[in-house]
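In this note's numbering, the protein residues as written are 764 to 1121.
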């Protein structure tokens, strides 16, 4: 572990020199990349300094015990030795966790897409429930949620809703939500009181920044239309809605949330970049056998990850076989209790792999 920490210290020193170079500062892409790496490594380097100080204290205490003849001094040194050894054990566990390779996308904002699956109107209502859950969760985390586009269900909820969430470490937290979510309950339209199973798909994509994806606007056809649905007097009168057609991939992105055509275009381009970034990301994940074998789904749209059972008041995450009888609080935005357990399971798995290399 010391060897790995020394390599990180060396890289941190290099970044400290690079980050103040004029040619780096003038290149936004390089500067942002280096700044992120600098910030991540600084946390490890600060912990390394703390760790080295504790090791030094242990050596000093051992020297006193070895050379000192005064019983009181020896007793004091033994006490200090025990305290520092306990602190070292704690800090070593923290360092091992910090040395696990991080996903470079974890610090990014996200674009989320919720789509009703099997279950007709009930699936749309469930997609609406999930949107409300993530809205409340974002509010609790101090994140900002912005709508991009939506298609309402005939009986409530959404057939599809796309939104972005901005904040600290959003993708690193919400990436565990990608997959198929199932609900088991008696639909409002059910007269016999029978429990039905419906589903909705959740996609969580790391938001692509402008310099992440080279977007050739000559390959993008822009369609301007009037907005539909709720939105006030300007609806159906001004050509503010935007639909983008990316010719090489066939990707289509719509945005009509804003009254301003310019703002809708800006949001739609952001989503298009994110979709293109997702294509590259999935290629990379398929090539990375380590990531492919991990517990957390990397956005597999067909993977059933969670069931919300209303009659029993339980939520089950199938990836880690976790069942919590706290459905009402979870659906009201208390998602941390699930995500924290997923993070622990993921980190435990990663630490096993890392420990093999120590």
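Glycine is no exception: its CB is placed at the ideal position from the N, C-alpha and C atoms.
Reduced DSSP category for residue i - H, G, I as helix; E, B as strand; rest coil
| i | result |
| --- | --- |
| residue 989 | coil |
| residue 884 | helix |
| residue 931 | coil |
| residue 1031 | helix |
| residue 1106 | helix |
| residue 866 | coil |
| residue 981 | helix |
| residue 955 | coil |
| residue 942 | strand |
| residue 916 | coil |
| residue 1046 | helix |
| residue 1022 | coil |
| residue 1094 | helix |
| residue 1115 | helix |
| residue 891 | helix |
Limits of the beta strand (DSSP E) - the one that residue i falls within
| i | result |
| --- | --- |
| residue 1088 | First-last for residue 1088: undefined, no H or E at that position. |
| residue 1004 | 1004–1009 |
| residue 1017 | 1014–1018 |
Assigned exposure category for residue i - 16 Cβ within 10 Å defines buried
| i | result |
| --- | --- |
| residue 1037 | buried |
| residue 1076 | exposed |
| residue 811 | buried |
| residue 888 | buried |
| residue 993 | Low confidence applies here, because residue 993 scores a pLDDT of 49, under 50, leaving its location unreliable and the question unanswered by this model. |
| residue 1088 | exposed |
| residue 924 | buried |
| residue 881 | exposed |
| residue 920 | buried |
| residue 863 | exposed |
| residue 713 | What is shown of the chain runs 764 to 1121, which leaves residue 713 out entirely. |
| residue 988 | exposed |
| residue 799 | exposed |
| residue 927 | buried |
| residue 807 | buried |
| residue 878 | buried |
| residue 1093 | buried |
| residue 901 | buried |
For residue i, the residue or residues it bridges with in DSSP
| i | result |
| --- | --- |
| residue 1079 | 1070, 1086 |
| residue 879 | 963 |
| residue 969 | 873 |
| residue 911 | In DSSP, residue 911 forms no bridge with anything. |
| residue 923 | 878, 914 |
| residue 948 | 959 |
Pair within 8 Å by beta-carbon distance, residue i and residue j
| i | j | result |
| --- | --- | --- |
| residue 916 | residue 868 | no |
| residue 873 | residue 969 | yes |
| residue 1003 | residue 981 | no |
| residue 942 | residue 1066 | yes |
| residue 912 | residue 1019 | yes |
| residue 932 | residue 870 | yes |
| residue 858 | residue 966 | no |
| residue 1083 | residue 939 | no |
| residue 783 | residue 794 | no |
| residue 796 | residue 817 | no |
| residue 1005 | residue 979 | no |
| residue 944 | residue 953 | no |
| residue 841 | residue 821 | no |
| residue 886 | residue 779 | no |
| residue 845 | residue 837 | no |
| residue 771 | residue 804 | yes |
| residue 1085 | residue 1104 | yes |
Residue span of the alpha helix (DSSP H) that contains residue i, given as start and end
| i | result |
| --- | --- |
| residue 774 | 765–781 |
| residue 808 | 791–830 |
| residue 938 | Careful: residue 938 lies outside any alpha helix (DSSP H) and carries neither H nor E. |
| residue 855 | 834–861 |
| residue 785 | 785–788 |
8 Å Cβ cutoff, residue i in contact with chain B
| i | result |
| --- | --- |
| residue 1034 | No chain B appears in this structure, which consists of one protein chain only. |
Residue i Cβ short of 7 Å to the ligand SAM heavy atom set
| i | result |
| --- | --- |
| residue 869 | Looking for the ligand SAM in the displayed structure turns up nothing, as the structure carries no ligands at all. |
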